[in-house]
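Numbers 52 to 137, taken from the working numbering, label the letters of the sequence shown in order.
Written below as structure tokens is the structure these notes are about.
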Amino acid sequence: MPTSPVNTRIPLTSFGHLITEVKKQLFGIKAPTSVELTGLRKYFNSYTLQGRRNCVLATYGVFAAAAAAYFMRRQNKKEPQTSSST
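In structure tokens, the structure reads:
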């Protein structure tokens with residue numbers, strides 16, 4: 052059975068945790084501190100739980116706005132078609 056050069060220190064409950072561990076151990080990439088993050092990277096990043104949460108909420112917001120725009124446009128198209136014939 053092949054062995055992995057990555058020694059896991061945390062339980063790997065998700066694919067994101069696995070990628071983080073591989074970056075740390077194989078490539079020497081460490082997560083930046085909150086002082087190093089500036090601009091939108093401070094609020095939308097994959098290193099902190101708050102940053103991940105903000106990315107998820109922004110994605111849900113975009114989907115909700117797109118669905119609302121679709122249904123509003125669809126409703127506006129139906130209204131002019133109703134005409135009474137005499």
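A virtual CB, placed ideally from N, CA and C, is assigned to each residue, including glycine.
Just so you know, these numbers come straight off a predicted model, no measurement behind them.
Would you identify the three-state DSSP class for residue i, choosing helix, strand or coil?
i	result
Tyr98	coil
Glu87	coil
Phe78	coil
Residues in the same chain with beta-carbon distance under 6 Å from residue i, minus the five sequence neighbours each way, listed in chain order, please.
i	result
Cys106	Phe95
Thr71	none
What separation, rounded to the nearest whole angstrom, lies between the Cα atoms of residue i and residue j?
i	j	result
Phe78	Ala116	39 Å
Leu69	Ala118	34 Å
Ala88	Leu100	The question names Ala, but residue 88 is Leu in the sequence shown. So the alpha carbons of these two residues sit roughly 14 Å apart.
Leu91	Val73	25 Å
Arg104	Val113	14 Å
Tyr98	Gly67	10 Å
Tyr111	Arg124	20 Å
Might you give, ordered along the chain, the residues of its own chain that have their beta carbon closer than 7 Å to the beta carbon of residue i, omitting 5 neighbours on each side?
i	result
Gly102	Tyr94, Phe95 and Asn96
Lys128	none
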